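K.L.:
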Ligand SMILES: [Cu+2]
């Protein structure tokens with residue numbers, strides 16, 4: 011039968027050829043003889059992060075932060091005079107006057123959909139007198155802020 015002939019070559023030459031072919035195929039498939047172990051899975055994406063900004067009397071420190079998409083910015087009051095705020099120039103976020111005591115916090119998460127955007131913000135009380143302003147750049151492709159932010 012045709013099927014039997016394909017399975018059992020009739021002589022040693024055919025067996026040798028078959029063995030050589032099998033070795034070549036195996037080598038091609040497992041990287042030339044290395045142990046054929048599956049590659050490790052890709053590393054998980056880095057966990058979302060909290061980036062700290064201090065709200066001091068008349069300034070934000072650091073003034074500008076660059077974060078990864080999905081990160082949260084946490085503004086923490088470390089001043090002595092209450093009455094500060096964090097208000098985005100585009101209106102997308104506004105803390106109100108939450109910084110009424112040392113350690114008071116306002117947080118905002120900048121999701122993946124904001125990748126590549128820059129958010130400039132101000133303290134509404136101390137923008138004119140003290141240029142109390144800052145910026146959040148989401149992702150490395152986000153443009154630099156306007157001067158002063
Ligand atoms: Cu202020």
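Numbering (the numbering used here), first residue to last: 11 to 159.
We put the CB at the ideal spot given by N, CA and C, even for glycine.
Quick caveat, the model's predicted, so the values are computed rather than measured.
(1) Going by DSSP in three states, residue 63 sits in which element: helix, strand or coil?
(2) Given this structure, state the Cα-to-Cα distance separating residue 121 from residue 135, to the nearest angstrom.
(3) Mind the definition here: the segment 72-82 touches the segment 97-106 only if three or more C-beta pairs lie below 8 Å; say whether that holds.
(4) Nearest CA to the CA of residue 128: which residue from 145, 140 and 65?
(5) Should residue 153 be labelled buried (16 or more other beta-carbon atoms within 10 Å of its own) or exposed?
(6) Compute the minimum distance between the beta carbon of residue 151 and the heavy atoms of ligand 1, and state whether it is under 6 Å.
(7) What is the rounded straight-line gap between the Cα of residue 77 and the Cα of residue 71?
(8) Quick check: the Cα distance between residue 66 and residue 132, rounded to an integer number of angstroms?
(9) By the 10 Å Cβ neighbour count, where 16 or more other Cβ atoms means buried, how is residue 147 classified, buried or exposed?
(10) Among the candidates 113, 119 and 110, whose CA atom is the shortest distance from the CA of residue 60?
(11) By the three-class DSSP mapping on this structure, what secondary structure does residue 58 have?
(12) Residue 114 and residue 87: beta carbons closer than 7 Å?
P.N.:
To lay it out plainly:
(1) What you label residue 63 is simply residue 53 of the chain shown in a count that begins at 1. In this structure, residue 63 counts as strand in the three-state DSSP scheme.
(2) Translated into positions along the chain shown, residue 121 becomes position 111. Translated into positions along the chain shown, residue 135 becomes position 125. Taking the straight line from one Cα to the other gives about 28 Å.
(3) no
(4) Position 118 of the chain shown holds residue 128. Of 145, 140 and 65, the residue nearest in Cα terms is 145.
(5) Counted from its first residue, the chain shown places residue 153 at position 143. Classification of residue 153: exposed, given that the 10 Å Cβ count is below 16.
(6) As a first step, residue 151 must be located in the chain shown, where it is residue number 141. Not so, every heavy atom of ligand 1 lies at least 6 Å from the Cβ.
(7) For the purposes of this step, residue 77 is taken as the residue at position 67 of the chain shown. For the purposes of this step, residue 71 is taken as the residue at position 61 of the chain shown. Going from the Cα of residue 77 to the Cα of residue 71 covers about 15 Å.
(8) Taking the first residue of the chain shown as position 1, residue 66 is located at position 56. Taking the first residue of the chain shown as position 1, residue 132 is located at position 122. So the alpha carbons of these two residues sit roughly 13 Å apart.
(9) As a first step, residue 147 is located in the chain shown; it is residue number 137 there, counting from the start. Buried, because 16 or more other Cβ atoms sit within 10 Å of the Cβ of residue 147.
(10) Counting from one through the chain shown, the residue named residue 60 turns up at place 50. Of the candidates 113, 119 and 110, the one whose C-alpha sits nearest the C-alpha of residue 60 is 119.
(11) Counting from one through the chain shown, the residue named residue 58 turns up at place 48. If DSSP states are grouped into helix, strand and coil, residue 58 belongs with coil.
(12) Taking the chain shown and counting its residues from 1, one reaches residue 114 at position 104. Taking the chain shown and counting its residues from 1, one reaches residue 87 at position 77. Yes, Cβ-Cβ distance for residue 114 and residue 87 is below 7 Å.
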